[in-house]
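Student: Pasting a structure below so you can have a look.
In the working numbering, the protein residues as written are 17 to 506.
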């Protein structure tokens, strides 16, 4: 490490990546002498196998089938305690394998004591619920585990039919689970053995507290409870008292931190040129897979339309889309048919998309803890990744809070201003096109709303949320309607 530092000092033209790496490693410069023993410790830790954690052969084979060679740190610490019947509060950085840390003990307990409605996993977002369900099913294929996802935005009756089949594991968002507990006949959780809250701090921050309290009232006190999150808040501490019995705290990262293989930068720019810089960075890092975070649903759609007008394949994902459209957008990005996903914070928690190379914070997060979750979408499970945060003249205070939380200064992402400004005219034209198309979408939604039930039925089946069909043909139709005022572009 010292040799690489001297190379950085000697280099006349320092590359940005080296600068970032130096900044990330800067805090640990004084600890170089202690690194070797740490490496030895890591090697010793990595020699722990799945069997040594106390898991049965069937589950160990399932882990290996998923190409998980050895347990991660949170798994090494949490699984043995969970198998001994302890309540757990798990705190670990994003991408460290928290889902398997609670899924494996639950599946092992289910093998020992097969029962319907065995466990409930509460998650803050619908997409995360589907992802956890997939992981349970992948780990439990050999034992025939039955899962049911109960989230808002999907048909209540279809979900009630699924629940009537009495699955082993229910993965739910709190609001919809309460709906079923209150309204679905024959559905109850009186025999529940395990309750898990994944991203527990977010469940409470999103004002689910009332729903969570209702759920806690109808489930048995004699149960195991697991809380998992990358960031803990005071509200979670309050919940500890309400629902856990003699919990064991498994803390892999005590302070808020991001993984070492993540290169983090900021870029300080005037607010009016934000889109121009975004397009420049997307062109400069072309070939990578991007997640772009915006603060509002409106801005995600606007940015997606603008990038499409420039020929960049982008899909929006936000809370005002129907659930089917949200899943479709996510699947397009996961299958790599689209390279750019533009999202609100609905996708900042828990989603595991291995191929994300770069996270761009187009709008800086209002809560600095959300920054840790956003950038945690890349550099997962030992991979490398990049995160760039756009800081305008209005965001300085919010950005300083993030640096304070991370306890380090981030390096600046260098851009050639002349190259960026060369794109200004093309981006301005794309912004104008996006505004027209967004207005068109809003008008269509308003007219459908006015048509009453028939209009609502067609709106439910429309593709307005995804906005992909608004390129090209619709633009020409619109210009055609306006007569000869403006010639259509060729």
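Glycine included, each C-beta is placed from N, C-alpha and C at the ideal position. In this text the structure is predicted, and so the values were computed from the model without any measurement.
#1: Have a look at residue 1 and residue 133 and give me their C-alpha separation to the nearest angstrom.
#2: Can you list, in chain order, the stretches of the beta strand (DSSP E) that have 3 or more residues and sit fully within the segment 331 to 412?
#3: Round the Cβ separation of residue 212 and residue 189 to the nearest angstrom and send it over; I've been treating them as touching at under 8 Å.
#4: Out of 385, 338, 444, 400, which has the shortest C-alpha to C-alpha gap to residue 9?
#5: Hey, residue 298 and residue 143: beta-carbon distance below 8 Å or not?
#6: Assign residue 509 to one of two classes, buried (16 or more other C-beta atoms within 10 Å of its C-beta) or exposed (fewer than that).
#7: Inspect the beta-carbon positions of residue 334 and residue 360 and report whether they are closer than 8 Å.
#8: Which term fits residue 54, buried or exposed, when burial requires 16 or more other beta carbons within 10 angstroms of its beta carbon?
#9: Counting along the chain, where does the beta strand (DSSP E) carrying residue 173 start and finish?
#10: Can you check the segment 429 to 464 for any alpha helix (DSSP H) of at least 4 residues that lies completely inside it and give the ranges in chain order?
#11: Using beta-carbon positions only, say whether residue 295 and residue 326 come within less than 8 Å of one another.
#12: Which two residues bound the contiguous beta strand (DSSP E) that contains residue 281?
#13: Given a cut-off of 8 Å, decide if residue 350 and residue 380 are closer than it, judged by their beta-carbon atoms.
#14: In angstroms with no decimal places, state the Cα-to-Cα distance between residue 39 and residue 344.
#15: Could you pull the DSSP bridge partners for residue 164 from this structure?
#16: Between which two residues does the alpha helix (DSSP H) holding residue 152 run?
#17: Indicate the three-state DSSP secondary structure (helix, strand or coil) for residue 274 in the structure shown.
#18: Could you say which of 289, 445, 318, 394 lies nearest to residue 434 if we only look at CA atoms?
#19: So, for residue 72: in the same chain, excluding its five sequence neighbours on each side, which residues have a beta-carbon less than 7 Å away from its beta-carbon?
#20: Inspect the beta-carbon positions of residue 122 and residue 266 and report whether they are closer than 8 Å.
#21: Going by DSSP, which residues form a beta bridge with residue 267?
#22: Run through DSSP, which three-state label would residue 214 get?
#23: Closest by CA to residue 303, which one among 353, 311, 277, 409?
#24: Tell me which residues share the same chain as residue 264 and place their Cβ nearer than 6 Å to its Cβ, disregarding the 5 neighbours each side in the sequence.
#25: I'd like to know whether the C-beta atoms of residue 169 and residue 338 end up nearer to each other than 8 Å.
#26: Hey, would you say residue 507 sits closer than 8 Å to residue 466, going by beta carbons?
#27: Rounded to a whole number of angstroms, what is the C-alpha to C-alpha distance between residue 202 and residue 235?
#28: Where does residue 307 fall in DSSP's three states?
#29: Cα-Cα, which of 363, 154, 150, 404 is closest to residue 285?
#30: DSSP state of residue 135, grouped into three classes?
#31: According to DSSP, simplified to helix, strand and coil, what is residue 319?
#32: By how many angstroms is the C-alpha of residue 119 removed from the C-alpha of residue 427?
#33: To which residues does DSSP link residue 193 through a beta bridge?
#34: Whole angstroms are fine: how far does the CA of residue 224 sit from the CA of residue 185?
#35: When the Cα atoms are used, what is the spatial distance from residue 437 to residue 292?
#36: Output the boundary residues of the beta strand (DSSP E) element that contains residue 242.
Tutor: Working from what's here:
#1: Here the chain has residues from 17 to 506 only, and residue 1 is not among them.
#2: 356 to 359, 374 to 377, 401 to 407
#3: Translated into the one-based positions of the chain shown, residue 212 becomes position 196. Translated into the one-based positions of the chain shown, residue 189 becomes position 173. Between residue 189 and residue 212 the Cβ distance is about 13 Å, and since that is not below 8 Å, they are no contact.
#4: The structure shown has nothing for residue 9, since the chain only spans 17 to 506.
#5: Position 282 of the chain shown, counted from the start, is the residue given in the question as residue 298. Position 127 of the chain shown, counted from the start, is the residue given in the question as residue 143. For residue 298 and residue 143, no; Cβs fall outside 8 Å.
#6: Any answer about residue 509 is impossible in this case: the structure gives the chain only from 17 up to 506.
#7: Taking the first residue of the chain shown as 1, we reach residue 334 at position 318. Taking the first residue of the chain shown as 1, we reach residue 360 at position 344. Against a cut-off of 8 Å, the Cβ pair of residue 360 and residue 334 comes out as a contact.
#8: Taking the first residue of the chain shown as 1, we reach residue 54 at position 38. Below a pLDDT of 50, predicted positions are generally treated as unreliable, and residue 54, at 41, falls in that range; the measurement from the model is reported next regardless. Around the beta carbon of residue 54, fewer than 16 other beta carbons sit within 10 angstroms, so the residue counts as exposed.
#9: Working through the chain shown from its first residue, we reach residue 173 at position 157. First-last for residue 173: 172 to 180, but that is the alpha helix (DSSP H), not the beta strand (DSSP E).
#10: 433 to 437
#11: On the chain shown, residue 295 is found 279 positions in, with the first residue counted as 1. On the chain shown, residue 326 is found 310 positions in, with the first residue counted as 1. Cβ distance < 8 Å, so residue 295 and residue 326 count as in contact.
#12: One-based indexing of the chain shown puts residue 281 at position 265. It spans 278 to 284 - the beta strand (DSSP E) in which residue 281 sits, taken as one unbroken run.
#13: The residue labelled residue 380 in the question sits at position 364 within the chain shown. The residue labelled residue 350 in the question sits at position 334 within the chain shown. No; because the gap between Cβ atoms is not below 8 Å, this pair is not in contact.
#14: Along the chain shown, one-based indexing puts residue 39 at 23. Along the chain shown, one-based indexing puts residue 344 at 328. Residue confidence for residue 39 is low, a pLDDT of 40 falling below 50, so the modelled location carries little weight; the figure read from the coordinates is stated next. Straight-line Cα distance between these residues: approximately 39 Å.
#15: Taking the chain shown and counting its residues from 1, one reaches residue 164 at position 148. In DSSP, residue 164 forms a bridge with 186.
#16: One-based indexing of the chain shown puts residue 152 at position 136. DSSP places residue 152 in the uninterrupted alpha helix (DSSP H) bounded by 142 to 155.
#17: Against the chain shown, residue 274 aligns to sequence position 258. Of the three classes helix, strand and coil, the one that applies to residue 274 here is coil, per DSSP.
#18: Residue mapping note: residue 434 aligns to position 418 of the chain shown, counting from 1. The shortest C-alpha separation from residue 434 is found at 289.
#19: Residue numbering aside, residue 72 sits at position 56 when the chain shown is read from its first letter. For residue 72, the CB contacts under 7 Å within the same chain, skipping 5 residues up- and downstream, are 124, 127 in chain order.
#20: Taking the chain shown and counting its residues from 1, the one referred to as residue 122 is at position 106. Taking the chain shown and counting its residues from 1, the one referred to as residue 266 is at position 250. No, Cβ-Cβ distance for residue 122 and residue 266 is not below 8 Å.
#21: For the purposes of this step, residue 267 is taken as the residue at position 251 of the chain shown. Answer is 107, bridged to residue 267.
#22: Within the chain shown, residue 214 is the residue found at index 198, counting from 1. Reduced to three states, the DSSP call for residue 214 is strand.
#23: Walking along the chain shown from the start, residue 303 turns up at place 287. Comparing Cα-Cα distances from residue 303 to each of 353, 311, 277, 409, the minimum goes to 353.
#24: In the chain shown, counting from the first residue as 1, residue 264 sits at position 248. Non-local C-beta neighbours of residue 264 in its own chain, meaning closer than 6 Å and more than five positions away in sequence, comprise 97, 102, 104, ordered along the chain.
#25: In the chain shown, residue 169 corresponds to position 153, counting from 1. In the chain shown, residue 338 corresponds to position 322, counting from 1. Cβ atoms of residue 169 and residue 338: closer than 8 Å.
#26: Lying before the first or after the last residue shown, residue 507 is absent from the chain, which here runs from 17 to 506.
#27: The sequence position of residue 202 within the chain shown is 186, counting from 1. The sequence position of residue 235 within the chain shown is 219, counting from 1. Cα to Cα, the separation comes out at about 15 Å.
#28: On the chain shown, residue 307 is found 291 positions in, with the first residue counted as 1. Residue state, collapsed to three classes: strand.
#29: Along the chain shown, one-based indexing puts residue 285 at 269. Comparing Cα-Cα distances from residue 285 to each of 363, 154, 150, 404, the minimum goes to 404.
#30: Locating residue 135 in the chain shown gives position 119, where the first residue counts as 1. Note: residue 135 maps to strand in three-state DSSP.
#31: Against the chain shown, residue 319 aligns to sequence position 303. Residue 319: helix per DSSP, three-state reduction.
#32: Looking up residue 427 in the chain shown gives position 411. Looking up residue 119 in the chain shown gives position 103. One Cα belongs to residue 427, the other to residue 119, and the distance between them is close to 38 Å.
#33: Here residue 193 is taken as the residue at index 177 of the chain shown, counted from 1. None; residue 193 has no bridge partner.
#34: Residue mapping note: residue 185 aligns to position 169 of the chain shown, counting from 1. Residue mapping note: residue 224 aligns to position 208 of the chain shown, counting from 1. Taking the straight line from one Cα to the other gives about 21 Å.
#35: For the purposes of this step, residue 437 is taken as residue 421 along the chain shown, with counting starting at 1. For the purposes of this step, residue 292 is taken as residue 276 along the chain shown, with counting starting at 1. When only Cα atoms are considered, residue 437 and residue 292 end up about 7 Å apart.
#36: Within the chain shown, numbered from 1, the residue matching residue 242 stands at position 226. Unbroken beta strand (DSSP E) run through residue 242: 240 to 245.
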